[in-house]
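**Student:**
Protein chains: 2
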Amino acid sequence: MNPFVFWNPTVLYYGQNQIEQHLVSEVKKYGSKVLLVYGGGSIKTFGLYDKVVNLLKSADITVFEFSGVEPNPRLTTVHRAIELCRQEEIDLLLAVGGGSVLDATKAIAAGVPYEGDVWDFYQTQKRPNEALPFGTILTLAATGSEMNSGGVITNWETKEKIGSSSPLTFPKFSFCDAENTFTVSREQTMYGIVDMFSHVLEAYFSHTPNTFLQERLMESVMQTIIENAQKVLDHPHDFAARETIMYCGTMALNGMISMGVQGDWATHAIEHEVSAIYDIPHGGGLAILFPNWMNYVLDAGIDRFYQLATRVFHIDSAGKSQREVAQEGILAVRRFFTSLGAPRALSDYQIGAQEIERMAEHAVRIGPIGHYKKLEREDVAAILRAAL
Amino acid sequence: MNPFVFWNPTVLYYGQNQIEQHLVSEVKKYGSKVLLVYGGGSIKTFGLYDKVVNLLKSADITVFEFSGVEPNPRLTTVHRAIELCRQEEIDLLLAVGGGSVLDATKAIAAGVPYEGDVWDFYQTQKRPNEALPFGTILTLAATGSEMNSGGVITNWETKEKIGSSSPLTFPKFSFCDAENTFTVSREQTMYGIVDMFSHVLEAYFSHTPNTFLQERLMESVMQTIIENAQKVLDHPHDFAARETIMYCGTMALNGMISMGVQGDWATHAIEHEVSAIYDIPHGGGLAILFPNWMNYVLDAGIDRFYQLATRVFHIDSAGKSQREVAQEGILAVRRFFTSLGAPRALSDYQIGAQEIERMAEHAVRIGPIGHYKKLEREDVAAILRAAL
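Okay, here's the thing in structure tokens:
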């Protein structure tokens with residue numbers, strides 16, 4: 001493994017009734033003026049909004065609201081929320097939603113005390129020196145944003161979707177009650193599953209030596225996702241299945257399974273290019289792109305593909321070449337995604353070849369992307385073309 | 389899984405040269421008067437002592453020393469160190485050693501600001517309200533104490549060995565450089581391996597429902613220990629093998645693989661009774677007791693034993709009953725421990741039946757122990773007799 005520093009200070013609450021028991025005391029550690037950040041208002045339809053607001057107000061906490069955070073959250077939205085926080089002198093942000101709301105909240109937290117444009121933290125190497133504290137209440141199992149310091153923001157004007165992270169943007173606390181995901185649509189549930197599975201794949205395809213345990217931990221998460229994905233789609237009110245999937249999402253990207261591992265992350269970078277222009281769901285983009293990335297980089301290290309095929313998908317290797325087994329593993333990933341209802345090609349989103357060169361160009365604007373195999377502009381373009 | 393709160397704020401450093409790069413800055417966060425806590429002085433023979441002291445002194449940090457922390461660290465030792473900390477107004481403790489030194493340091497940290505006897509935190513339900521900060525430099529892969537808040541202290545006068553934990557006794561930081569374990573003897577290395585494997589077993593034998601991912605994470609740690617144990621015994625200077633084992637030790641008991649899981653922990657409780665009286669190595673006691681505990685509680689839930697046998701030890705189940713497979717799994721655990729050179733029976737330590745009733749009586753002084761099967765006095769005695 002590579003030398004590493006691991007630190008993850010988020011207080012993680014899982015299970016029912018944790019919000020009732022602990023939300024107020026957690027919030028009060030940070031002040032009395034809270035900005036509730038949320039999305040389209042689905043939290044109102046299943047009662048979470050009322051529960052949270054009532055709990056806070058009955059504890060004499062002043063609650064401000066910022067709603068309308070969109071999927072692929074936008075810089076302009078973040079700017080408006082920063083302005084509100086400054087005006088109202090907010091003490092703590094409380095994100096109630098999925099990865100988009102949480103990622104937007106991280107940007108708001110970093111932006112409030114910063115004199116420049118918060119976009120600096122995404123577009124450049126600059127990182128915040130301070131940030132507002134924030135907590136989260138998760139309503140969608142997907143990004144792992146509830147227990148990591150990363151977030152992705154889209155600048156719709158420049159058509160850029162960029163991720164950033166800082167030790168200051170870990171949630172102070174996160175509440176994960178699977179019941180709050182019961183009403184997530186089949187489609188959103190599926191995208192979340194693809195997203196978390198992809199997070200593990202990004203870490204798994206690595207040349208870092210001596211990561212025996214990390215590889216097995218990652219395989220554990222992937223196997224558990226596979227075993228529970230269909231359950232949660234078929235029985236959206238199955239608490240155990242919802243909780244297992246939620247927990248896989250948290251563990252897939254809280255750093256615990258990938259300490260000291262240099263992951264690849266090219267597929268995420270390419271997907272960001274696609275959804276920056278076409279605003280497609282992140283999980284949908286990943287489902288399309290990952291198998292194509294895998295096919296393209298297979299020869300950069302066939303062993304790990306073989307290991308994925310045999311350990312995670314239990315592909316029988318008898319009488320087959322290592323390459324054949326590895327390729328069956330790639331097919332198995334594709335089949336897993338499509339079995340959930342995920343798209344297979346960019347054409348499923350009516351995306352054609354028009355913008356491929358522009359996306360490829362922008363993907364490598366700082367230099368080659370990916371670590372399993374370094375991808376240049378023409379590699380990215382080839383993967384995108386294969387994905388059409 | 390059970391509802392849970394997870395929080396682990398330790399900053400974990402793995403790899404070479406981390407001490408050189410980060411120790412001073414970590415220490416300086418907490419003050420300028422440091423008490424170095426260590427054991428018998430082996431850290432002087434391989435150069436770690438000099439390295440640490442030189443780094444601290446060259447940064448104008450005043451270094452005090454407390455040496456002589458023994459295996460199964462004793463309350464009287466802790467008392468002496470607490471006195472020294474008060475006299476010298478120490479800002480930060482720096483534990484350099486294995487689990488015993490770290491556990492003693494946790495007791496010292498909790499004891500310094502406490503007006504009563506620190507033993508209160510072990511013998512009663514009382515827990516500290518404040519504690520001195522402390523960091524660790526690990527020299528023995530075993531207890532996981534480098535990234536958890538627990539510790540075990542022995543009161544030699546009352547012949548009691550009791551564990552305790554508190555949110556205030558997480559290390560602020562821990563440095564884990566596998567090179568610092570190169571000179572650990574074959575015997576101590578073996579005991580450490582048994583200890584970490586046992587930590588996973590304690591969590592694994594659980595009736596908590598819906599822990600699919602947690603079970604796989606635990607199986608991952610056990611498999612990785614099995615795959616690397618002999619390597620590290622045969623090649624004590626193999627950095628990769630030492631680091632993998634060290635990392636397994638950290639992950640086995642930092643809470644990350646067992647969130648929301650009610651583990652058993654009876655075997656540890658029984659072992660504490662044995663080593664409180666006979667002062668045997670903890671790992672030796674565990675190697676003897678665990679298979680006997682397993683035989684005794686098999687019928688409390690044969691499924692998990694079967695799962696251990698097939699998933700971790702890859703025992704072929706064809707043509708065998710579930711019980712036969714489960715029993716082969718227990719044999720495999722025994723065989724794994726003895727293959728490393730661990731003892732098989734209490735008689736290997738010249739321990740007879742004399743104190744069995746006393747140990748059994750004390751083990752259940754507060755009530756039945758264990759969660760996979762609740763053990764009463766006579767159950768503990770039966771397990772101890774089987775272990776003779």
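Protein sequences, first through last, are from chains A and B.
Numbering-wise (the numbering used here), the first sequence opens with residue 1 and increments by one.
Numbering-wise (the numbering used here), the second sequence opens with residue 389 and increments by one.
Ideal Cβ positions, reconstructed from N, Cα and C, are used throughout, including at glycine.
#1: Note down, in chain order, each residue of its chain lying with its Cβ closer than 8 Å to the Cβ of A:Asp60, except the 5 sequence neighbours on either side.
#2: Would you mind working out which of A:Glu65, A:Leu138, A:Phe337 and A:Pro9 sits nearest A:Gly283, comparing C-alpha positions?
#3: Note the first and the last residue of the continuous alpha helix (DSSP H) segment covering B:Ala774.
#4: Quickly, what does DSSP pair B:Cys564 with across the bridge? List them, please.
#5: Using CA coordinates, which residue listed in A:Ala360, A:Phe175, A:Leu48 and A:Ile226 is at the minimum distance from A:Val200?
#6: Take the Cβ of A:Leu102 as the centre, count every other Cβ of all protein chains shown within 10 Å, and call the residue buried at 16 or more, exposed below.
#7: Going by beta-carbon coordinates alone, are A:Gln188 and A:Leu140 separated by less than 8 Å?
#8: Could you tell me whether the Cβ of B:Val609 comes closer than 8 Å to any Cβ of chain A?
#9: Can you tell me whether DSSP reads A:Thr77 as helix, strand or coil?
#10: Would you list, in chain order, the members of the segment 220-253 of chain A that have their beta-carbon closer than 8 Å to a beta-carbon of chain B?
#11: With H, G and I counted as helix, E and B as strand and the rest as coil, what does DSSP make of B:Trp507?
#12: Can you confirm whether A:Pro171, when its beta carbon is compared against all beta carbons of chain B, has any partner nearer than 8 Å?
#13: Evaluate contact between the segment 551-560 of chain B and the segment 596-614 of chain B, counting only Cβ atoms and requiring at least three cross-stretch pairs below 8 Å.
#14: Count the other C-beta atoms from every protein chain shown that fall within 10 angstroms of the C-beta of A:Asn254, then say buried if there are 16 or more, exposed otherwise.
#15: Less than 8 Å between the C-beta atoms of A:Ile19 and A:Asp177, yes or no?
#16: Decide if B:Arg604 is buried, meaning its Cβ has at least 16 other Cβ atoms within 10 Å, or exposed.
#17: Look up B:Ser705 in the DSSP assignment and say whether it is helix, strand or coil.
#18: Specify whether the segment 464-481 of chain B and the segment 436-443 of chain B touch according to this definition: at least 3 beta carbon pairs, one from each stretch, less than 8 Å apart.
#19: Indicate whether at least one CB of chain A lies closer than 8 Å to the CB of B:Pro521.
#20: Give a yes or no on whether 8 Å exceeds the smallest Cβ distance from B:Val399 to chain A.
#21: Mapping DSSP to helix, strand and coil, what is A:Asn155?
#22: Going by the beta-carbon positions, is the gap between A:Gln214 and A:Ile162 smaller than 8 Å?
#23: Does B:Tyr418 come within less than 8 Å of chain A when only Cβ atoms are used?
#24: For B:Gly758 and B:Thr655, I'd like the C-alpha separation in whole angstroms.
#25: Do A:Leu289 and A:Asp270 count as a contact pair if the criterion is CB distance below 8 Å?
#26: Classify A:Gly319 as buried or exposed, calling it buried when 16 or more other Cβ atoms lie within 10 Å of its own Cβ.
#27: Decide if B:Gln715 is buried, meaning its Cβ has at least 16 other Cβ atoms within 10 Å, or exposed.
#28: Cutting at 6 Å between CB atoms, please list the residues of its own chain near B:Val441, excluding the five before and the five after it.
#29: Quick one, which of A:Asn129, A:Ser100, A:Leu94 and A:Leu55 has its alpha-carbon nearest A:Ala110's?
#30: For B:Val752, I'd like the list of residues in its chain whose CB is within less than 8 Å of its CB, leaving aside the five on either flank, ordered along the chain.
#31: Using alpha carbons as the reference points, say which of A:Val34, A:Arg385 and A:Gly144 lies closest to A:Phe134.
#32: Can you tell me whether B:Trp681 is helix, strand or coil according to DSSP?
#33: Can you tell me whether A:Gly192 is buried or exposed, with buried defined as 16 or more other CB within 10 angstroms of its CB?
#34: Taking the continuous alpha helix (DSSP H) assigned at A:Ser275, which residues delimit it?
#35: From the DSSP output, which residues share a beta bridge with B:Leu443?
#36: Taking the C-alpha atoms as reference points, what is the distance between B:Arg574 and B:Leu776?
**Tutor:** Working from what's here:
#1: Excluding sequence neighbours, A:Asp60 sits near Ser32.
#2: A:Phe337
#3: Segment Arg765 to Ala774, the alpha helix (DSSP H) holding B:Ala774.
#4: B:Tyr402
#5: A:Ile226
#6: buried
#7: Yes, they are a contact pair.
#8: yes
#9: helix
#10: Listed in sequence order: Ser220, Val221, Gln223, Thr224, Glu227, Asn228, Ala240, Glu243, Thr244, Tyr247, Cys248 and Met251.
#11: coil
#12: no
#13: no
#14: buried
#15: yes
#16: buried
#17: coil
#18: no
#19: no
#20: yes
#21: A:Asn155: strand per DSSP, three-state reduction.
#22: no
#23: no
#24: The C-alpha of B:Gly758 lies about 8 Å from the C-alpha of B:Thr655.
#25: In the sequence as presented, Asp is not what sits at residue 270 of chain A; that position holds Ile. A contact, by the Cβ cut-off of 8 Å.
#26: exposed
#27: buried
#28: Val451
#29: A:Asn129
#30: Leu763, Glu764, Arg765 and Val768
#31: A:Val34
#32: Three-state DSSP puts B:Trp681 in a helix.
#33: buried
#34: Ala266 to Tyr278
#35: None, per the DSSP bridge assignment.
#36: 25 Å
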